[in-house]
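Chains as they are written, first to last, in the working numbering: chain D, 239 to 270; chain S, 59 to 401.
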């Protein structure tokens, strides 16, 4: 199963992720 | 010479055999890993015939049968060995489970839906967006030209994924719904632009893949308001990273539930995509939603608007902070939203 998030954000929104990275509920995905 | 040949044939040579088989295995693992995660590796896509063949398999029927099987209660003496095998196979961390005693779970379906201890998933206060689920980041980035990448280099159409949208009189978009229907947006090139409320914004996406051993509930990734639920019945192909690299538009073909609404920066949506083993999706604040049911019309979708239907949306027991207003369902960051189920 998969969760897909699609969202609008200001252009300076940045992800703090790496492809293939393990993640858990509540961990930060990105910030402004 | 004959004596030497006989010795060569009769004596096994463990070192070369180990080198050859070990090297082969490592090479296979390297290739598999690279093809999964290396962005430079070109994806090898399935042909339309291969996809049609895959889709012709009765994955929905298999999924429902699998769900029924896993809904059968196991005798107490059999629970520990069965669940232990599952834990060992998929690397489940039972120390995080709210109930660690394996005898407590009546069947595999119940075990699959296990809850976690309250303190094991702290919600990051510094980030405006947090992970909705335990899993692996398959892909993330900006959405360009109304095309989204499910993995690097393999795209799907935003319009096919979300379904048709309607423009609202106030300029905001919640996809289509009974309260927001003025005019259908038909141009694919402007689909992305019509979703957004400001030209100073961009559209972003994140894909989180949940492996069989992961905790399978999903939580709200931010503070937002859900206006519409859209259920797309569909195929139930596997969504593991290898298949996501192989089947284009996989997320548009599989059964899914799209929750769309608004957050502080404009449009926001969370989509739960089903798979063969995990075919049904439950949303706690929506008791009407039923997924992976036998009645299924290809290409159809079913909308349920939460706008001006506040009285009809029930608050489930034990779910605090979930507020149903006439302008949508208010969700807070980290709040449990729903779960995947076997079958």
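The beta-carbon is built from N, C-alpha and C at its ideal position, and this holds for glycine as well.
For residue i, count the other beta carbons within 10 Å of its own beta carbon; 16 or more makes it buried, fewer makes it exposed. Which is it?
| i | result |
| --- | --- |
| residue 332 of chain S | buried |
| residue 354 of chain S | exposed |
| residue 330 of chain S | buried |
| residue 253 of chain S | buried |
| residue 398 of chain S | buried |
| residue 124 of chain S | buried |
| residue 256 of chain D | exposed |
| residue 156 of chain S | exposed |
| residue 313 of chain S | buried |
| residue 272 of chain S | buried |
| residue 108 of chain S | exposed |
Given a cut-off of 7 Å on the beta-carbon distance, is the pair residue i and residue j in contact?
| i | j | result |
| --- | --- | --- |
| residue 404 of chain S | residue 177 of chain S | Outside the modelled stretch of chain S, which goes from 59 to 401, sits residue 404 of chain S, for which no answer is possible. |
| residue 162 of chain S | residue 246 of chain D | no |
| residue 250 of chain S | residue 204 of chain S | yes |
| residue 219 of chain S | residue 309 of chain S | yes |
According to DSSP, is residue i part of a helix, a strand, or is it coil?
| i | result |
| --- | --- |
| residue 53 of chain S | Lying outside 59 to 401, the shown extent of chain S, residue 53 of chain S is not represented and no answer is given. |
| residue 216 of chain S | helix |
| residue 175 of chain S | coil |
| residue 105 of chain S | coil |
| residue 364 of chain S | coil |
| residue 155 of chain S | strand |
| residue 266 of chain D | strand |
| residue 120 of chain S | helix |
| residue 258 of chain D | coil |
| residue 311 of chain S | helix |
Could you work out which residues of chain D lie near residue i, taking near to mean beta carbons separated by less than 9 Å?
| i | result |
| --- | --- |
| residue 265 of chain S | 240, 241, 242, 243 |
| residue 329 of chain S | 240, 241, 242, 243, 244 |
| residue 363 of chain S | Under the 9 Å cutoff, chain D gives no residues; its nearest Cβ is about 19 Å from residue 363 of chain S. |
| residue 131 of chain S | Correct list: empty, because the minimum Cβ distance to chain D is about 24 Å. |
Listing by chain order, which chain D residues have their CB less than 7 Å from the CB of residue i?
| i | result |
| --- | --- |
| residue 191 of chain S | 241, 263 |
| residue 156 of chain S | Residues of chain D passing the Cβ test: none, with the nearest at roughly 14 Å. |
| residue 296 of chain S | The premise fails here: residue 296 of chain S is roughly 10 Å from chain D at the closest Cβ pair, so nothing lies under 7 Å. |
Can you pull the chain D residues whose beta carbon is under 8 Å from the beta carbon of residue i, in chain order?
| i | result |
| --- | --- |
| residue 254 of chain S | 246 |
| residue 259 of chain S | 246, 247, 248, 249 |
On the DSSP bridge list, what partners appear for residue i?
| i | result |
| --- | --- |
| residue 397 of chain S | S:275, S:340 |
| residue 195 of chain S | S:266 |
| residue 162 of chain S | BP columns for residue 162 of chain S are empty, so no partner. |
| residue 250 of chain D | Partner(s): none; residue 250 of chain D has no beta bridge. |
| residue 318 of chain S | S:286, S:327 |
| residue 200 of chain S | S:262 |
| residue 242 of chain D | S:265, S:329 |
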